[in-house]
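> As you go down the protein sequences, you meet chains A and B in turn.
Each number in this note's numbering comes from the position in the first sequence (counting from 1) with 512 added on.
Each number in this note's numbering comes from the position in the second sequence (counting from 1) with 158 added on.
Note that CB positions come from ideal geometry on N, CA and C, so glycine has one too.
Computed from a predicted structure; not experimentally measured.
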Amino acid sequence: MKLYIAKNEGAVGKRIALDDMILTKDLPTAAGSRMLDGYMSLFDATVVEKAMAAGYAIDGKLNVGEFGIDLMGETSYYGAIATDGHLVSAAAAAIEDGATAVLSLDVNGAPRRAAAQSGTVCVKPTYGTVSRFGTVPAACSGECVAVTAGTAADCEALLDVVAGYDAKDGTSLPDALRGEAKPIRRVAVLTALTDGVDAETVARIEAAKAALSKNGIEVAKIDGGELIAARVAWNILMSAELCNNVSRYDGIKYGYRTPSYKTIDELYTNSRTEAFGAFLKTVILFGSETLSTDTYMKVYDQALRVRRVLVEYFKSLFETVDAVLLPACSTCAYEENVDPELAFTENLYTAPASVTGLPAVVFGGVQLIGDAFSDKALLQLADLCEKEGK
Amino acid sequence: MQKETLNRLQKLNQLRLTDAEETNVLSFFAAREEEMNILNSIDTETVERMVHVMPIETVVREDKVIKSFTREQLQAGAPETTDGYWQVPRLVE
Numbered sequence: 513m514k515l516y517i518a519k520n521e522g523a524v525g526k527r528i529a530l531d532d533m534i535l536t537k538d539l540p541t542a543a544g545s546r547m548l549d550g551y552m553s554l555f556d557a558t559v560v561e562k563a564m565a566a567g568y569a570i571d572g573k574l575n576v577g578e579f580g581i582d583l584m585g586e587t588s589y590y591g592a593i594a595t596d597g598h599l600v601s602a603a604a605a606a607i608e609d610g611a612t613a614v615l616s617l618d619v620n621g622a623p624r625r626a627a628a629q630s631g632t633v634c635v636k637p638t639y640g641t642v643s644r645f646g647t648v649p650a651a652c653s654g655e656c657v658a659v660t661a662g663t664a665a666d667c668e669a670l671l672d673v674v675a676g677y678d679a680k681d682g683t684s685l686p687d688a689l690r691g692e693a694k695p696i697r698r699v700a701v702l703t704a705l706t707d708g709v710d711a712e713t714v715a716r717i718e719a720a721k722a723a724l725s726k727n728g729i730e731v732a733k734i735d736g737g738e739l740i741a742a743r744v745a746w747n748i749l750m751s752a753e754l755c756n757n758v759s760r761y762d763g764i765k766y767g768y769r770t771p772s773y774k775t776i777d778e779l780y781t782n783s784r785t786e787a788f789g790a791f792l793k794t795v796i797l798f799g800s801e802t803l804s805t806d807t808y809m810k811v812y813d814q815a816l817r818v819r820r821v822l823v824e825y826f827k828s829l830f831e832t833v834d835a836v837l838l839p840a841c842s843t844c845a846y847e848e849n850v851d852p853e854l855a856f857t858e859n860l861y862t863a864p865a866s867v868t869g870l871p872a873v874v875f876g877g878v879q880l881i882g883d884a885f886s887d888k889a890l891l892q893l894a895d896l897c898e899k900e901g902k
Numbered sequence: 159m160q161k162e163t164l165n166r167l168q169k170l171n172q173l174r175l176t177d178a179e180e181t182n183v184l185s186f187f188a189a190r191e192e193e194m195n196i197l198n199s200i201d202t203e204t205v206e207r208m209v210h211v212m213p214i215e216t217v218v219r220e221d222k223v224i225k226s227f228t229r230e231q232l233q234a235g236a237p238e239t240t241d242g243y244w245q246v247p248r249l250v251e
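#1: For the candidate residues A/V878, A/L670, A/D681, A/K680, whose alpha-carbon lies nearest to that of A/K526?
#2: Out of A/V659, A/K562, A/F885, state which residue places its alpha-carbon closest to the alpha-carbon of A/D834.
#3: Alpha carbon to alpha carbon, how far is A/T683 from A/K899? Give it in angstroms, no decimals.
#4: Taking DSSP's pairing of strands, which residues face A/L838 in a bridge?
#5: With DSSP run on the structure shown, which of helix, strand or coil describes B/E162?
#6: Distance, Cα to Cα, A/K765 vs A/N575?
#7: Hey, would you say A/L705 sits closer than 7 Å to A/G654, going by beta carbons?
#8: For the pair the stretch 819 to 836 of chain A and the stretch 601 to 611 of chain A, tell me if three or more CB-CB distances fall below 8 Å.
#9: Roughly how many angstroms lie between the CA atoms of A/L803 and B/L167, to the nearest whole one?
#10: Mind reading off the beta-carbon distance from A/M547 to A/A752? Whole number of angstroms is fine, and I expect it under 8 Å.
#11: Counting only beta-carbon separations shorter than 7 Å, does B/E215 have a partner in chain A?
#12: Count the C-beta pairs between the stretch 572 to 591 of chain A and the stretch 534 to 545 of chain A that are closer than 8 Å, then say yes if the count reaches three, no if not.
#13: Is B/V218 close to chain A, meaning its C-beta is less than 7 Å from at least one C-beta of that chain?
#14: Output yes if chain B places a C-beta closer than 7 Å to the C-beta of A/R690; else output no.
#15: Compare the C-alpha of A/Y846 against each of A/I740, A/S828, A/R819, A/V709 and name the closest.
#16: Mapping DSSP to helix, strand and coil, what is B/S185?
#17: Would you decide whether A/A651 is buried or exposed? Buried here means 16 or more other CB atoms lie within 10 Å of its CB.
#18: For chain A, check one thing: does any of its Cβ atoms lie closer than 7 Å to the Cβ of B/R229?
#19: Using only the alpha-carbon positions, how far apart do A/P864 and B/M212 sit?
#20: Taking DSSP's pairing of strands, which residues face A/L599 in a bridge?
#21: Consult DSSP for A/G646 and reduce its assignment to one of helix, strand or coil.
#22: Could you check whether A/D895 and A/P637 sit closer than 7 Å to each other, using their CB atoms as the reference points?
#23: Applying the criterion that 16 or more other CB atoms from any shown protein chain within 10 Å of the CB defines a buried residue, is B/I224 buried or exposed?
#24: What number of angstroms, rounded off, separates the C-alpha of B/L170 from the C-alpha of A/G877?
#25: Residue range of the beta strand (DSSP E) that A/I734 falls in?
#26: Decide if B/Q245 is buried, meaning its Cβ has at least 16 other Cβ atoms within 10 Å, or exposed.
#27: So which residues of chain A does B/G235 contact, with C-beta pairs closer than 7 Å?
#28: Measuring only between beta-carbons, confirm whether B/N165 sits less than 7 Å from chain A.
#29: Chain A partners of B/E206, CB-CB under 9 Å?
#30: So, using beta-carbon positions, are A/L822 and A/T868 closer together than 7 Å?
#31: Pull up the CB-CB distance for A/T713 and A/C844, whole angstroms please, since I reckon it's below 8 Å.
#32: Give the interface partners of A/S800 over in chain B, defined as CB-CB distance under 9 Å, in chain order.
#33: So, helix, strand or coil for A/T587, using DSSP?
#34: Identify which residue in A/C897, A/A594, A/I534 has its Cα closest to the Cα of A/S725.
#35: In terms of DSSP beta bridges, what is A/C634 paired with?
#36: Which of helix, strand or coil does DSSP assign to A/R716?
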């Protein structure tokens with residue numbers, strides 16, 4: 513069990529930690545996988561360059577689930593981080609250890625679930641507003657660099673530093689395409705997505721509703737059952753993109769190479785088979801199947817169409833409310849030996865923002881999703897609610 | 159899913175599963191197939207696919223020479239190199 517895969521013992525001043533999906537030239541990056549164990553990047557990710565230029569020191573690289581697709585790091589090659597039989601948020605542990613904030617790649621909601629379970633604040637920004645250049649690619653059409661911190665104010669401070677157009681990232685939004693957020697005055701609780709969560713999560717939703725009301729926010733209820741499809745669509749798109757992205761790991765140019773091979777096919781197959789974990793292999797095969805000739809139109813193509821339906825759904829929803837309130841996960845703790853496949857159902861709560869690119873902020877164990885570019889407005893609302901709870 | 163399909167996918171993806179892993183994968187696929195009902199219940203006949211959530215066209219940039227990495231730097235992480243080339247097994251006998 514390792515909290516830090518690599519630690520910069522000399523870091524002083526304002527320190528931040530990075531999850532191990534973010535490339536650094538002075539510290540190794542393994543993406544939680546044996547495939548990249550000991551891999552040294554030739555460059556820093558743009559977010560790392562920006563943070564360092566703003567005076568943040570890099571504290572170290574935090575353990576992460578293999579390619580960031582699991583629940584909360586349980587599939588890491590280096591072992592899950594757990595205490596008393598339950599998974600622990602690496603980001604929260606780093607913050608407790610003195611880091612001001614943590615940058616993570618939110619592929620399938622893991623940073624948001626970790627924030628909800630640890631009582632920290634996490635923002636998954638609007639897609640395209642924070643550069644992904646120099647992150648290990650997994651599911652490029654929805655993954656974002658997220659910021660986790662002990663307070664909404666610390667989250668906002670680091671988000672301000674790392675956000676902005678980056679010509680090196682083909683999906684980075686030019687300034688002209690970045691919109692202005694309107695103030696958040698009305699929030700709707702998504703009742704269809706609060707059914708089936710544990711009692712403590714229900715209590716956190718109730719507490720958030722009360723804090724919002726006390727801050728003059730009108731709180732309404734809507735069903736939101738349409739968003740259940742987001743999970744299914746994201747499972748397909750994420751798996752297909754992951755399958756393509758990890759096809760580059762072949763044991764030739766970099767990464768793990770098996771010691772046991774005679775032919776080139778054996779080199780490829782043995783390297784990948786020995787280096788990838790069981791859950792990752794499962795997801796690769798599923799992603800590959802969604803892209804095969806027989807299923808492409810029925811499955812992958814349908815997921816892309818449903819993505820548009822969901823974007824339109826949110827668009828119409830945000831004509832009447834400014835944000836929606838929902839859990840970030842169904843429970844307040846995952847068991848240490850949890851089945852990682854649960855990440856494909858537990859992302860019921862995180863996939864709506866992943867698949868549509870909308871910003872989401874987790875605070876007080878709950879999640880707010882707002883319209884595009886409302887990141888700061890959501891964080892400021894979280895800040896008000898935090899103060900209300902103190 | 160048929161066992162033959164799973165074999166084909168393993169070959170395509172240069173992966174080999176144990177028997178226990180195959181059982182797990184088949185059960186995972188069954189769960190995913192079942193949840194397709196949720197997507198199929200949505201009428202998308204007149205809906206266009208959405209690949210990118212943001213209105214960004216394919217990005218192109220000026221074709222100009224920039225400083226890049228040296229061969230030594232690029233091969234620093236290679237499992238095996240010989241005389242500045244990536245070493246692979248003999249492909250032709």
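Result, derived from the coordinates:
#1: A/L670
#2: A/F885
#3: 36 Å
#4: A/Q879
#5: helix
#6: 24 Å
#7: no
#8: no
#9: 11 Å
#10: Not confirmed; about 19 Å, so no contact.
#11: no
#12: yes
#13: no
#14: no
#15: A/V709
#16: helix
#17: buried
#18: no
#19: 15 Å
#20: A/A594
#21: coil
#22: no
#23: exposed
#24: 42 Å
#25: 730 to 734
#26: exposed
#27: Y551, M552, Y766
#28: no
#29: L816, R817, R820
#30: yes
#31: 6 Å
#32: L167, L170, N171
#33: coil
#34: A/C897
#35: A/T660, A/V874
#36: helix
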